[in-house]
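>
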Amino acid sequence: MASRYGTLRDIPLEEEVVPGTMLCAGCGGALLVRIFEKMLGPGAITINAAGCMSLLSVFPYTPFKSSWFYIAMASAPAAAQGVRDALDILIDRKRIEREDDLKVLVLTGDGAASGIGLQATSGAIHRGLDFYYLAYDNEGYSNTGFQASESSPFASSTKTTPPTDLAEGSILQKKDLFEIWRAHKPPYVATISPAYIGDMMHKIEKAGRMSGPKLFIAHSPCPPGWGIDSDKVIRIARLAVETGIWPLKEAINGEVTHTIIHKKRRPVEEYLGTQERFAHLFRPARNERIIRQMQQNTDDYWNAVLK
Ligand code: SF4
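Numbering-wise (this note's numbering), the sequence shown opens with residue 1 and increments by one.
This is the structure:
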């Protein structure tokens, strides 16, 4: 089916999250939330697990035009189940009209999505809960000072994985949340990027035609956590896709399609070199072994995709 959303000109004009929040300037996650909420429109309720985005609404102020529900990190999908059930009961009892039904959105960071809240998400997907899930993946626990999460990339420096004589930053690989979610066979899973808004809007539109879990993992550059300037966020997000580090893809009922493919990928070090969290790979001396290993990991992924 043809999409109404291809370019920046197609972004809905109506704001659902109005300006004036306490988030950092240039926050990639905030941009994604703004566009995502525009796509869902006024009839949405956001279930927000504790994290950076819970700073959006601080009583008595909120930038959300629609309802917003704050919940602990582990429990957002469980709260979404309760909200969905309550809406269904109200519709059954004709207390609200079916056309006034709300879309239920779970909003979490990668710490909740990949670690603390994974069990509740697994249960919700297993039960076929009709909801959207947006994980803004800034690859660390940003709002508490950027400790490592289960989504932090290999060799990245965080508060809890500083480079030392024994290790070049994190010694663990980033969890593959896309594959973990896909293994549950939900109707829709996708990765998105703030540098590819057309691709993102098209995916939200497509998911909106489906009932059941609709899950999104969003690359979310974080200026203070990654050590980047606020005005470089979109450029770095674009580099992540152009180097192949952040594949843009979707899985419909488990079947995977890559939605953006750069046949000629840029070297991974162009992406790494833009961020302070990888600076130890380049200064005071270049760490050829780690840089080559990260390039190899990316090449292995794409060789398998393009085979
Ligand atoms: S710490 Fe990072 S993720 Fe959190 S609000 Fe700031 S830029 Fe956004």
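Just so you know, even glycine gets a beta-carbon here, dropped at the ideal spot from N, CA and C. Remember, predicted model here, so these are calculated numbers, not experimental data.
Go ahead and pull the three-state DSSP assignment for residue 203.
Looking up residue 203 in the sequence shown gives position 203. Reduced to three states, the DSSP call for residue 203 is helix.
> Is residue 29 near the ligand SF4 - that is, is its Cβ less than 7 angstroms away from at least one heavy atom of it?
Counting from 1 along the sequence shown, the entry for residue 29 is found at position 29. Within the cutoff, so yes.
> Do you know whose CA, among 67, 161, 215 and 168, lies nearest residue 253's CA?
Numbered from 1 along the sequence shown, position 253 holds the residue referred to as residue 253. Checking every option, the nearest Cα to that of residue 253 belongs to 215.
> Are there 16 or more other CB atoms within 10 angstroms of the CB of residue 276, so buried, or fewer, so exposed?
Walking along the sequence shown from the start, residue 276 turns up at place 276. With fewer than 16 Cβ atoms within 10 Å of its Cβ, residue 276 is classed as exposed.
> Roughly how many angstroms lie between the CA atoms of residue 210 and residue 188, to the nearest whole one?
Translated into positions along the sequence shown, residue 210 becomes position 210. Translated into positions along the sequence shown, residue 188 becomes position 188. Cα to Cα, the separation comes out at about 8 angstroms.
> Alpha carbons only, please: which of 232, 125 and 115 is nearest the one belonging to residue 176?
Mapped onto the sequence shown, residue 176 falls at position 176. It is 115.
> Pull up the distance between the alpha-carbon of residue 302 and that of residue 99, whole angstroms please.
As a working mapping, residue 302 is identified with position 302 in the sequence shown. As a working mapping, residue 99 is identified with position 99 in the sequence shown. Going by the C-alpha atoms only, they are around 44 angstroms apart.
> Starting from residue 94 and walking both ways along the beta strand (DSSP E), at which residues does that stretch end?
Locating residue 94 in the sequence shown gives position 94, counting from the first residue. Neither: residue 94 is in no beta strand (DSSP E) and is coded neither H nor E.
> Check residue 333 in the structure and name its three-state DSSP category.
With the chain covering 1 to 307 only, the question about residue 333 has no answer from this structure.
> Closer than 7 angstroms: is that where the CB of residue 20 sits relative to any heavy atom of the ligand SF4?
As a first step, residue 20 is located in the sequence shown; it is residue number 20 there, counting from the start. The answer is no for residue 20.
> Let me know the secondary structure DSSP gives residue 49 once reduced to three states.
In the sequence shown, the residue the question calls residue 49 occupies position 49. Reduced to three states, the DSSP call for residue 49 is strand.
> Name the residue from 281, 26 and 129 whose alpha carbon lies nearest to the alpha carbon of residue 105.
Here residue 105 is taken as the residue at index 105 of the sequence shown, counted from 1. With distances taken between Cα atoms, residue 105 lies closest to 129.
> Classify residue 281 as buried or exposed, calling it buried when 16 or more other Cβ atoms lie within 10 Å of its own Cβ.
Position 281 of the sequence shown, counted from the start, is the residue given in the question as residue 281. Buried.
> Give the straight-line distance between the Cα atoms of residue 201 and residue 268, rounded to the nearest whole angstrom.
Taking the sequence shown and counting its residues from 1, one reaches residue 201 at position 201. Taking the sequence shown and counting its residues from 1, one reaches residue 268 at position 268. About 27 angstroms.
> So residue 30 is in the beta strand (DSSP E); what residue range does that whole segment cover?
Residue numbering aside, residue 30 sits at position 30 when the sequence shown is read from its first letter. Taken as a continuous stretch (DSSP letters only), residue 30 belongs to no beta strand (DSSP E), being part of the alpha helix (DSSP H) at 28 to 40.
> Rank 34, 260 and 225 by C-alpha distance to the C-alpha of residue 375 and give the top, closest one.
Residue coverage of the chain in this structure runs from 1 to 307, which leaves residue 375 outside it and unanswerable.
> If we call anything under 8 angstroms between Cβ atoms a contact, is residue 80 one with residue 44?
For the purposes of this step, residue 80 is identified with residue 80 of the sequence shown, where counting begins at 1. For the purposes of this step, residue 44 is identified with residue 44 of the sequence shown, where counting begins at 1. No, these two residues do not count as a Cβ contact at 8 angstroms.
> Work out the CA separation of residue 224 and residue 218 for me, nearest whole Å.
For this step, residue 218 is matched to residue 218 along the sequence shown. For this step, residue 224 is matched to residue 224 along the sequence shown. For residue 218 and residue 224, the distance between alpha carbons rounds to 18 angstroms.
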